[in-house]
Structures are given as C-alpha cells and as structure tokens.
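Presented below is the structure to which this report refers.
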Amino acid sequence: MASSLTVLGFLLVVLFCTSISNTLALLVSSPQVLLSYHNGPLLSGPEPIKLSLTFYGDFEASERSTLRRFLASLSPSGLQQSRRFLRGSPLSVYADRSVSAWWSITQQYADLHGRHVSQRVEIVKEVNDDYSLGKQLKSSDIAVLARSSVDVGKPNSLALVFTSADVAVDGFCMHSCGAHSFTSLIDDGEQHAAAVTHENSGDDRVQGSISHTLMSYVWVGNSKLQCPGFCAWPFEKPQYGPDMAPLKPPNSVGVDGMIISLAKLLVSAATNPFGDAFYQGDDASYRPEAGQICGAKFGAGAYPGYPGKILQDADSGASYNMEGSNGERFMVPWIWDPTSKSCVGQPSTAVQI
Numbered sequence: 242m243a244s245s246l247t248v249l250g251f252l253l254v255v256l257f258c259t260s261i262s263n264t265l266a267l268l269v270s271s272p273q274v275l276l277s278y279h280n281g282p283l284l285s286g287p288e289p290i291k292l293s294l295t296f297y298g299d300f301e302a303s304e305r306s307t308l309r310r311f312l313a314s315l316s317p318s319g320l321q322q323s324r325r326f327l328r329g330s331p332l333s334v335y336a337d338r339s340v341s342a343w344w345s346i347t348q349q350y351a352d353l354h355g356r357h358v359s360q361r362v363e364i365v366k367e368v369n370d371d372y373s374l375g376k377q378l379k380s381s382d383i384a385v386l387a388r389s390s391v392d393v394g395k396p397n398s399l400a401l402v403f404t405s406a407d408v409a410v411d412g413f414c415m416h417s418c419g420a421h422s423f424t425s426l427i428d429d430g431e432q433h434a435a436a437v438t439h440e441n442s443g444d445d446r447v448q449g450s451i452s453h454t455l456m457s458y459v460w461v462g463n464s465k466l467q468c469p470g471f472c473a474w475p476f477e478k479p480q481y482g483p484d485m486a487p488l489k490p491p492n493s494v495g496v497d498g499m500i501i502s503l504a505k506l507l508v509s510a511a512t513n514p515f516g517d518a519f520y521q522g523d524d525a526s527y528r529p530e531a532g533q534i535c536g537a538k539f540g541a542g543a544y545p546g547y548p549g550k551i552l553q554d555a556d557s558g559a560s561y562n563m564e565g566s567n568g569e570r571f572m573v574p575w576i577w578d579p580t581s582k583s584c585v586g587q588p589s590t591a592v593q594i
C-alpha cells in the first residue's frame, strides 16, 4: 500500500512539473505584434548603407577591430565567406548561423516603392575623437558628432557614434544603452535631433517631426565600467532580475554588450530611420520597432533570465549564436520577422544572393 502511494505521489509531482513547464512555455512565446508601415522612407534600394564611424574617447585596438569585423560581416559577401569557412567544420550544422543571414531578415521590409532594406553595408569613413566635447555628453552632443562624420549628398548614409567606457551620456545606464535618431545635415543653429529611440529594457520612444535634409544615426556606449549588468547581459550578472551566472563572452564584456545594442539599433534604424516607417501601433509617444520588440532573446526557448539555446566554443567556453565573415563569434538578439510574424535569428525564407 505504501509503495502504491509513493508511486502515485511521484506521478502527481511529474504531472505538476509538466503543467508548470507548459505554462512557462506559453508565457514566453513570441509576442503577438504587428509592425505597421507608416509610409516613411527606409535605408533601402540598390545603394549600400554607408556607415560613418566615430570612436569617441579611449577605445582599445581590439574593441575597434571587433566592432569593425561585426559590421563587415553584415553584407551578403560575409554570408558566402562564412559558409566557406564552416563547410566541413564541426559546427557545419550551424552553417546558416551567420551574421549576414541574420541581417537578411531585414530584407522582408520594403518601402512604398517596393525597395527592400539594403543588404550591403559598407564602412566609408572613420573618425577618432579624443574627447573634443568632454566626458559628459548630452543627447544633442551625439547629434553633433554624428553630423560632423557624414558627407552631404550620399544616399543611405548612417552615422555610428561609439562612446568609450569612461564617457557619460545623458540617460546611459539609467534607461538606455544606446539610441537611434535623426538630425539635419545642415547646421543652422537650430536643434533638429528627433525621433529618438532608446535601446534599453523596453522603453522605446520616438518623437519629433521630419524637416530639412535629414540623416539617421545610431549611438552605442561601452558599459564595461559603468553598468555591464544593465547593458551587457548575458555576459554579466543582471543588474535587475534573476541572479543567473554570466556567460563567457566571445570577445569581451564591454564590446560584446555594445554589439548586442548595436545589432538591435541597426535593424531599427534601417526599418524606421526617421520615425515614420515600420513600428507597432499608432501611439505617437510609444513606437516599438523591429529591433527591440523581441527583447533579450538570443536563442530558442528564451525567457526572462535565460537567453535561450545558444552555442558554446569547445575550446574557450565562450557563448555565441552567430559567426562572422571569417569565423568570428558574436552574440546578436533575435529580431522581428514580418513574414513569419515571430522573433527569429535566421530568415524564414531563403536568402537570395
């Protein structure tokens, strides 16, 4: 009799645990969202997205190199090189986990003329700035740095401003790890920076109106000294939430945290560069975008406090989910695929090259 009760109790526990697991699976499923198109321009068409980089402050050579290599891996040529690199390797099962295949998800977004987000990304300019505006920056200072780095008259220009670990920017580590915005290319003394969208824990806001000749830009800060638990999770213990052990980064905590934020913001800037293209809903003060709505999801089965199923390097123990054009390891967030209407790390349709 006692044995029967023990077995019954065990079965009840199993059933209870199964019920909890199924409930959790429902709670962490992809959000049911619809990104609407509001008729504005994208970074689209046959022209490549032309990146002008500004490294503001003191960056290590390895940090600069890692950021450049990530950006160089976005273009389709990076996908082809990655496939060659992975052919026959022990990771061949993950041969489609390339940065450029991840970026090709943005090809599902098109403007009024049917032009899709450009799949070619080129670095056309690089500026090294030795604290010309000091170590305490306002949002308007970021706009100034972005504007000074871009040459007028180049379509699909996008400025990237990276601030070093010892630079404080308004809102950094409090409610943002970076932002994308736009500004006027003509410095007429007025403030034109607008459409600010912050990459943070979920507060994505866009405001302002479009006027004059505009350019889009992205800013990302290095959090390694100020708030790695806020901006570099899962490579640092989270500042808030579950107390999980951090994963080992493939490069370094600071720069890998930057790449996570940069990846989200690049997608949002390409699909909503001036605040009137792709975003969810019609609320003028709250507009979630393609790069942000999936949150901190890096692999299948992700839920708050768990990044999802990811890869681990057998030799170094570093965690990652994508490979660069020459086999580099990166961690990038999953983003919204309008075709499958879900958060994905790879395109739902074949990549056309």
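Our numbering runs 241 ahead of the 1-based position in the sequence shown. For glycine and all other residues, C-beta sits at the position ideal for the given N, C-alpha and C. The structure presented is a predicted model; accordingly, all values stated were derived computationally and were not measured.
Label residue i either buried or exposed according to how many other C-beta atoms from any shown protein chain fall within 10 Å of its C-beta, with 16 as the threshold for buried.
| i | result |
| --- | --- |
| Pro287 | exposed |
| Pro545 | exposed |
| Thr512 | buried |
| Thr247 | Per-residue confidence for Thr247 stands at a pLDDT of 45, beneath the threshold of 50, marking its modelled position as unreliable; the derived number appears in the next sentence. Classification for Thr247: exposed. |
| Lys505 | buried |
| Ala342 | buried |
| Thr580 | exposed |
| Gln521 | buried |
| Leu275 | exposed |
| Ala302 | exposed |
| Gly498 | buried |
| Asn280 | exposed |
| Ser285 | buried |
| Leu353 | exposed |
| Ser373 | exposed |
| Val585 | buried |
| Gln377 | exposed |
| Pro317 | buried |
| Ser557 | exposed |
| Val437 | Residue placement at Val437 is poorly supported in this model, since its pLDDT is 46, which falls under 50; the coordinates are not used for a value here. |
| Pro529 | buried |
Could you tell me the boundaries of the beta strand (DSSP E) in which residue i lies?
| i | result |
| --- | --- |
| Val461 | 455 to 462 |
| Ser277 | 276 to 278 |
| Ser314 | Counting along the chain, Ser314 falls outside any beta strand (DSSP E), and DSSP gives it neither H nor E. |
| Val585 | 583 to 585 |
| Trp577 | 576 to 578 |
| Phe539 | No beta strand (DSSP E) contains Phe539, which DSSP labels as neither H nor E. |
| Ile290 | 290 to 297 |
| Tyr520 | 519 to 521 |
Since residue i and residue j are thought to touch, with beta carbons under 8 angstroms apart, how far apart are those beta carbons, to the nearest angstrom?
| i | j | result |
| --- | --- | --- |
| Val410 | Ala387 | Actually they do not touch by this definition, with Cβ atoms about 13 angstroms apart. |
| Phe519 | Ala510 | Contact doesn't hold; Cβ gap of about 11 angstroms is too wide. |
| Ser314 | Val340 | 4 angstroms |
| Ser560 | Lys478 | Contact doesn't hold; Cβ gap of about 14 angstroms is too wide. |
| Arg310 | Gly565 | 6 angstroms |
With the cut-off set at 8 angstroms, would you say residue i and residue j are in Cβ contact?
| i | j | result |
| --- | --- | --- |
| Ser345 | Pro588 | yes |
| Glu367 | Pro289 | no |
| Leu503 | Gly419 | yes |
| Ile427 | Thr454 | yes |
| Asp541 | Gly549 | A small fix is needed here, since residue 541 is Ala in this sequence, not Asp. Yes. |
| Leu292 | Val365 | yes |
| Gln480 | Gly495 | no |
| Asp407 | Leu312 | no |
| Tyr458 | Phe423 | yes |
| Asp578 | Gln348 | no |
| Asp370 | Tyr278 | no |
| Ile383 | Trp460 | yes |
| Ile501 | Met456 | no |
| Ala400 | Thr295 | yes |
| Ala537 | Trp474 | yes |
| Ser464 | Cys414 | yes |
| Met204 | Arg356 | In the structure as shown, the chain starts at 242 and stops at 594, and residue 204 therefore has no counterpart that could be examined. |
| Arg570 | Pro491 | yes |
| Ser398 | Val391 | yes |
Quick check on the DSSP output: the alpha helix (DSSP H) that includes residue i runs from which residue to which?
| i | result |
| --- | --- |
| Val496 | 494 to 512 |
| Ser341 | 340 to 344 |
| Phe471 | 469 to 472 |
Given the structure, does residue i come close to the ligand SAM, in the sense that its CB is under 7 angstroms from one of the ligand's heavy atoms?
| i | result |
| --- | --- |
| Ser560 | Ligands in the displayed structure: none, and consequently the ligand SAM is not present. |
- Query: Where are the alpha helix (DSSP H) runs, 4 residues long or more, that stay fully inside the stretch 359 to 433, in chain order?
  - Reply: 380 to 390
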